[in-house]
Amino acid sequence: AQSVTQPDIHITVSEGASLELRCNYSYGATPYLFWYVQSPGQGLQLLLKYFSGDTLVQGIKGFEAEFKRSQSSFNLRKPSVHWSDAAEYFCAVSKEYGNKLVFGAGTILRVKS
Amino acid sequence: GAVVSQHPSWVICKSGTSVKIECRSLDFQATTMFWYRQFPKQSLMLMATSNEGSKATYEQGVEKDKFLINHASLTLSTLTVTSAHPEDSSFYICSASVPGLTGELFFGEGSRLTVL
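Protein sequence lines, in the order shown, are assigned to chains A and B. First residue of the first sequence: 1, per this note's numbering; consecutive thereafter. First residue of the second sequence: 114, per this note's numbering; consecutive thereafter.
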C-alpha cells in the first residue's frame with residue numbers, strides 16, 4: 001500500500017527566507033506525486049504535480065518540487081516566502097491516473113515578519 | 114480549470130438527524146468522484162470512491178450504512194450522513210478527476226458538519 005510521510009508538523013520561517021517542506025513516499029513503482037495547499041476552512045489547491053520526465057517541476061505561486069527516486073522524496077521548495085504562504089501543505093501520492101490520493105499528515109507553515 | 118462545488122459549505126444539525134452534502138462538477142462530467150474526511154488538525158482520509166451509475170466503493174473501516182453515497186449523474190455525487198452523532202462532526206471534501214487531463218483531481222471547497 002502507498003503511504004506518505006511528512007516529517008514536519010509545523011515549520012516557521014521568516015518572510016523572505018527560503019522554504020523546504022519534506023515529503024517521503026512509499027510505493028513500489030513510480031507514483032504520481034502532488035503538493036496541495038489548504039488555507040483554514042478551505043478546500044485544496046494544487047500547487048504542482050509530477051508524473052514523469054524532468055524531476056524538477058515548477059508550480060504556481062513560485063513553488064517547485066524535486067522528485068528523487070533514490071530517496072523516495074518529493075520535497076517542496078520556495079526561494080522566498082511571503083506572508084500569504086502561511087497555510088497547511090499536503091503531499092499526496094496516487095498510483096494510477098486520475099485515481100484516489102493518499103495524503104501525508106500535512107505541514108503547517110507559519111511565516112513571521 | 115475544472116470546478117467542483119460543494120453544498121452546503123457548513124451545516125449544523127441535531128444528533129440523530131441525517132444530513133446530505135452535494136458535490137457537483139460544474140464544467141465537466143465526472144465519472145468518478147472521491148469523498149474525503151478531515152478531522153481538525155489532521156490529514157484527509159479517503160472514505161469512498163463514487164462511480165456514476167454504480168455502488169460506491171468504501172474504504173476499510175467506513176460504515177456504508179452510515180455514510181450513504183449516491184452518484185446518480187455525471188455531475189452530481191451526494192454524501193448522506195445518516196443518524197448523525199457528534200463524532201461525525203468533521204470537514205468533508207469531495208474531489209473529481211477530469212477525463213483526458215493527466216491525473217489531476219479537483220477538489221470542492223469542503224463542507225463542515227457540526228452535530229450537536
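Note that CB positions come from ideal geometry on N, CA and C, so glycine has one too.
What three-state label does DSSP hand residue i in the structure shown?
| i | result |
| --- | --- |
| Lys100 of chain A | coil |
| Ser186 of chain B | strand |
| Arg69 of chain A | helix |
| Ser84 of chain A | helix |
| Lys78 of chain A | strand |
| Ile9 of chain A | coil |
| Lys61 of chain A | helix |
| Glu20 of chain A | strand |
| Glu200 of chain B | helix |
| Ser138 of chain B | strand |
| Tyr27 of chain A | coil |
| Ser14 of chain A | strand |
Can you tell which of the options has the C-alpha that lies nearest to the C-alpha of residue i?
| i | options | result |
| --- | --- | --- |
| Val116 of chain B | B:Lys127, B:Ser122, B:Leu139 | B:Leu139 |
| Asn24 of chain A | A:Glu96, A:Ser84, A:Ala92 | A:Ala92 |
| Cys207 of chain B | B:Ser131, B:Val194, B:Ile125, B:Ala161 | B:Ala161 |
| Ser84 of chain A | A:Gln38, A:Phe34, A:Gln6 | A:Gln38 |
| Tyr89 of chain A | A:Leu101, A:Gln6, A:Ala1 | A:Gln6 |
| Ser128 of chain B | B:Arg150, B:Ala209, B:Ser202 | B:Ser202 |
| Pro199 of chain B | B:Leu181, B:Phe147, B:Leu226 | B:Leu226 |
| Gly41 of chain A | B:Thr145, B:Tyr205, B:Leu229 | B:Tyr205 |
| Gly59 of chain A | A:Trp35, A:Ala29, A:Ser70, A:Ser72 | A:Trp35 |
| Thr107 of chain A | A:Ser3, A:His10, A:Thr55 | A:His10 |
| Asn183 of chain B | B:Ser196, B:Thr195, B:Glu165 | B:Glu165 |
| Ser3 of chain A | A:Ser52, A:Gly104, A:Gln45 | A:Gly104 |
| Pro31 of chain A | A:Gly53, A:Asp8, A:Gly62 | A:Gly53 |
| Leu229 of chain B | B:Ile125, B:Val211, B:Lys179 | B:Ile125 |
Report buried or exposed for residue i, applying the criterion of at least 16 other Cβ atoms within 10 angstroms of its Cβ.
| i | result |
| --- | --- |
| Thr12 of chain A | exposed |
| Ser186 of chain B | exposed |
| Arg110 of chain A | exposed |
| Ala1 of chain A | exposed |
| Leu56 of chain A | exposed |
| Ser113 of chain A | exposed |
| Lys61 of chain A | exposed |
| Ser26 of chain A | exposed |
Please report the Cβ distance between residue i and residue j, rounded to the nearest whole angstrom; I am assuming they are in contact, meaning their Cβ atoms lie under 8 Å.
| i | j | result |
| --- | --- | --- |
| Ser224 of chain B | Pro153 of chain B | At roughly 15 Å, the Cβ-Cβ gap does not stay under 8 Å, so Ser224 of chain B and Pro153 of chain B are not in contact. |
| Ser163 of chain B | Trp148 of chain B | 6 Å |
| Ala209 of chain B | Met146 of chain B | 5 Å |
Say whether the region 10 to 18 of chain A touches the region 67 to 81 of chain A, bearing in mind that this needs 3 or more beta-carbon pairs closer than 8 Å, one atom from each stretch.
Taking 8 Å as the limit for Cβ pairs, the verdict is that the region 67 to 81 of chain A does touch the region 10 to 18 of chain A.
Touch test, the region 62 to 69 of chain A against the region 127 to 138 of chain B, Cβ-Cβ under 8 Å, three pairs minimum
When Cβ pairs closer than 8 Å are counted between the two stretches, the region 62 to 69 of chain A is seen not to touch the region 127 to 138 of chain B, the count staying below three.
I want to know whether the region 216 to 229 of chain B touches the region 161 to 179 of chain B - three or more CB-CB distances under 8 Å.
Not touching, per the Cβ criterion.
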